[in-house]
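Mapping to numbering that gives the first Met the number 0: the sequence shown position 161 is 160, numbers consecutive. For reference, the structure discussed in these notes is given below.
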Amino acid sequence: MVTLKENERIDDLQRNHYRIIQDPKRFCFGMDAVLLSGFARVREGEKVLDLGTGTGIIPILLEAKTEAAHLTGLEIQEDSADMARRSVALNHLEDKIEIVTGDIKEAVSLFGAASFDVVTCNPPYMTENHGLTNPEAPKAIARHELLCTLEDVISQAAGLLRPGGNFFMVHRPFRLVDIVVLLRQYRLEPKRMRMVHPFADKEPNMVLIEASRGGKPRMTVEKPLIVYREPNLYSDEIYEVYGY
0 MVTLKENERI
10 DDLQRNHYRI
20 IQDPKRFCFG
30 MDAVLLSGFA
40 RVREGEKVLD
50 LGTGTGIIPI
60 LLEAKTEAAH
70 LTGLEIQEDS
80 ADMARRSVAL
90 NHLEDKIEIV
100 TGDIKEAVSL
110 FGAASFDVVT
120 CNPPYMTENH
130 GLTNPEAPKA
140 IARHELLCTL
150 EDVISQAAGL
160 LRPGGNFFMV
170 HRPFRLVDIV
180 VLLRQYRLEP
190 KRMRMVHPFA
200 DKEPNMVLIE
210 ASRGGKPRMT
220 VEKPLIVYRE
230 PNLYSDEIYE
240 VYGY
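Right, dumping it as structure tokens:
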């Protein structure tokens, strides 16, 4: 029996009858996490680590969508990590998913170098002071580079991946130059990229990117992913990603 705390609710994930515990007053997962879970490629038997897992949405969705051997979520905020653990228990996935409380900046020392086949991350998008209101709030920590930077995420991912392992991240297009420069700096070669547009005639507001540790230079830019066919109506591909 899983206990809910004040303000918490259980949401249906539309996959394998899985559910997740969320607190709207803290932070609820968004479309970016779902799209990352659809973009990431995990082969049968691989070990996966999600950096900054929040309430565990990405490991839970990847468990539903892939044949991963084991998934780990790393989260610095104990309240979020506790919520993630209870969601894992709610779905009876304790044998497949582990939630660890810890700092992304110390991930390599926590887990060991070259210990994962796949690393995923939906990191804070905003630089530290951009539009910041309450630096202590869980939403601020999730959205702003308060506790880790883009370089922290990429450098740790590079150290955590075995040679040939893959890193998958969702971010904002305005950080794309920073992303590619840092990936190359840490020998994560960009291999695949996809822009996400709210509407076909609007500029992208998300970018999905895959990089390979020690890979050879050559990147595929996939066709754009369009979220809405018309206002309030998702495109067929978005319905497919969500599993509706």
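Even glycine gets a Cβ: it sits at the ideal position worked out from N, Cα and C.
Review point. In chain order, what residues of the same chain have a beta carbon less than 8 Å from the beta carbon of Lys222, not counting five sequence neighbours either side?
Key: Excluding the 5 residues flanking it on each side, Lys222 has same chain C-beta neighbours closer than 8 Å at Arg193, in chain order.
Practice item. Check each candidate in Gln13, Thr2, His69 and Lys4 and name the one with the smallest Cα separation from Ile237. Key: Among Gln13, Thr2, His69 and Lys4, the Cα nearest to that of Ile237 is on Gln13.
Exercise for review: Determine the contact status of Thr65 and Val33, defining contact as a CB-CB distance below 8 Å.
Suggested key: Taking 8 Å as the cut-off, the beta carbon of Thr65 is found no closer than this to the beta carbon of Val33.
Exercise for review: Would you identify the three-state DSSP class for Thr219, choosing helix, strand or coil?
Suggested key: The answer is strand: DSSP assigns Thr219 an E or B state.
Review point. How about Gly29 and Asp49: do their beta carbons lie closer than 8 Å?
Key: The answer is no: Cβ separation not under 8 Å.
Point to revise | Proximity of Ser79 and Gly53 at Cβ, strictly below 8 Å | key: In contact: Ser79 and Gly53 (Cβ atoms closer than 8 Å).
Practice item. Could you name the residues of the same chain whose beta carbon sits closer than 7 Å to that of Tyr17, not counting the 5 residues immediately before and after it, in chain order? Key: Excluding residues within five positions, the ones whose Cβ falls inside 7 Å are Ile59, Ala63 and Asn90.
Practice item. Grab me the residues of His69's own chain with a C-beta within less than 8 Å of its C-beta, minus the 5 sequence neighbours each way, in chain order. Key: Excluding positions up to five away in sequence, the list reads Lys46, Val47, Lys95, Ile96 and Glu97.
Exercise for review: Compare the beta carbon distance of Val117 and Gly44 with 8 Å and say whether it is the shorter of the two.
Suggested key: The answer is no: Cβ separation not under 8 Å.
Check your understanding: Which stretch, first to last residue, makes up the beta strand (DSSP E) that contains Met192?
Key -> It spans Leu187 to His196 - the beta strand (DSSP E) in which Met192 sits, taken as one unbroken run.
Review point. If you drop the 5 nearest sequence neighbours on each side, which residues of the same chain put their C-beta closer than 7 Å to that of Asp177?
Key: Same-chain partners within the cutoff: Leu149.
Point to revise | Residue environment, Phe167, which counts as buried when at least 16 other CB atoms sit within 10 Å | key: Phe167 should be labelled buried.
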